[in-house]
Amino acid sequence: MHKFLVFLFLMGATGYGIAAPEVPYVSPTKGSVNTVHDSTTAAALSTLDNDAPVISSIHPSIGLSTGGIEVNIHGSNFMTTGTTRVLFGETAATNVNVIDSGYGFLYLTCIVPAHAPGTVDVTVINPDDGTGTLEAAFTYLETNPPAVMFVTPTGGPVNGGVEVSVYGGSFVTTGETRVLFGETDATNVIVSEHENNLFSASCTLPEHVPGTVDVTVINPDGGSGTLGGAFTYFDTPQNEGETHPADLDKDWFLKMEEATAYLTGWQLGVNPMAYAIRAAYLWQKAGFYKSNADEAPPQCWVVLPQ
């Protein structure tokens with residue numbers, strides 16, 4: 036009889052017509068009591084209703100408006116699976132990692148994005164979209180604005196498309212830097228740092244009407260610097276005669292890559308030195324050139340305007 040009763044109990048526990056006893060389950064995240072019927076349901080409920088993240092502190096809490104530093108964010112209810120996002124104001128941080136301290140709590144590390152000077156809220160968004168914000172948690176300090184010193188080349192075609200380098204100080208190598216020719220944005224801007232605190236911003240020249248324009252560099256934090264009358268757009272000349280051998284596309288404008296290729300040919304003994312010197316001269320003068328029939332090559336190629 037005893038074995039028969041045990042058999043009936045097991046049949047009910049495995050779903051053969053007899054219900055298992057109800058077991059109260061207390062959620063570890065909400066403190067609420069749910070009545071569950073088996074361990075599988077209890078395990079499923081334990082993954083529901085995660086508490087929203089809570090930020091208690093950020094270290095360091097001050098940085099330059101250029102961003103780029105790593106900070107630690109301490110708090111609770113962070114998640115180790117999925118993608119966690121961190122916002123400084125409304126700008127997303129990069130390289131967000133959830134770290135297990137080994138002492139029973141988690142913390143975040145991330146790279147601070149560039150932002151205009153001022154104090155911003157910091158927000159953590161868990162993979163389940165739970166959100167926690169610490170108000171006025173990080174202060175961006177103002178940096179020195181960029182100073183534009185010189186531009187090379189100093190002239191180019193109205194249809195743009197050539198590479199121009201802008202040199203100066205206090206450029207920023209992280210974030211998105213803008214270069215304006217007049218009021219038109221250049222493309223493919225790449226900022227590099229050189230010796231003696233000199234920076235360069237290489238970019239692709241935008242199209243523009245003929246004339247001389249200012250060149251402006253705008254750092255990611257909004258700081259800007261302008262060099263007045265730094266670049267001249269030239270109309271493509273209507274020319275006769277032969278172009279310089281280095282001018283591969285025969286547009287009467289010698290680009291850096293064309294001059295460099297021709298100089299390399301001279302170093303290899305293929306191109307004559309006098310022509311190579313003239314190619315370097317035409318590129319450095321950064322303007323359209325024409326062919327002067329009164330002079331013999333390579334002196335016949337002179338820069339416009341003369």
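For the sequence shown, counting from 1, position 260 maps to 295 in this note's numbering; every step adds exactly one.
C-beta atoms are modelled at their ideal positions from N, C-alpha and C, and glycine is treated no differently.
Here the structure is a predicted model, which means the values were calculated and not measured.
- Within the same chain, and ignoring the five residues on either side of Pro332 in sequence, no residue has its Cβ closer than 7 Å to its Cβ.
- With contacts defined as CB atoms closer than 7 Å, Val224 and Thr209 fail to qualify as a contacting pair.
- Taking C-beta atoms as the reference points, Ser100 and His150 count as a pair closer than 7 Å.
- The residues Phe216, Gly217, Phe266, in chain order, have a CB closer than 6 Å to that of Val248 in the same chain once the five nearest residues on each side in sequence are set aside.
- Contact between Ile108 and Ile93 holds, since their C-beta atoms are separated by about 5 Å, short of 8 Å.
- Within the same chain, and ignoring the five residues on either side of Asn194 in sequence, the residues whose Cβ sits closer than 6 Å to its Cβ are Glu242.
- Within the DSSP bridge table, the entry for Ser96 names no partner.
- Here the alpha carbons of Glu330 and Asn254 stand approximately 47 Å from one another.
- In this structure, Phe269 is the residue among Phe269, Gly258, Val147 with its C-alpha nearest to the C-alpha of Thr189.
- Scanning Val106, Gly191, Ser235 for the CA closest to the CA of Ala172 turns up Val106.
- Residue pairing by DSSP puts Val201 in a beta bridge opposite Val186, Ala236.
- Contact between the region 116-126 and the region 155-170 is present: 3 or more CB-CB pairs across the two stretches fall below 8 Å.
- Non-local C-beta neighbours of Thr219 in its own chain, meaning closer than 7 Å and more than five positions away in sequence, comprise Pro241, His243, ordered along the chain.
- Leu169 sits in a strand when the DSSP states are folded into three classes.
- Under DSSP, the beta-bridge partners assigned to Ala127 are Leu122.
- In this chain, Thr247 is not harboured by any alpha helix (DSSP H); it is covered by the beta strand (DSSP E) spanning 246-253.
- Counting only residues of its own chain and dropping the five nearest sequence neighbours on each side, Ser136 has a CB closer than 8 Å to the CB of Tyr142.
- Apart from sequence neighbours up to five positions away, the residues of its chain that approach Val89 with a beta-carbon distance below 8 Å are Gly110, Ser111, Asn112, Gly167, ordered along the chain.
- By the CB criterion at 7 Å, Lys320 and Val338 fall inside the cutoff.
- Taking 7 Å as the cut-off, the beta carbon of His279 is found no closer than this to the beta carbon of Trp318.
- Judged by DSSP in its simplified three-state form, Thr212 adopts coil rather than helix or strand.
- Annotation: the continuous alpha helix (DSSP H) that includes Gly300 extends over 291-302.
- For Tyr175, the number of other beta carbons within 10 angstroms of its own is at least 16, and it is reported as buried.
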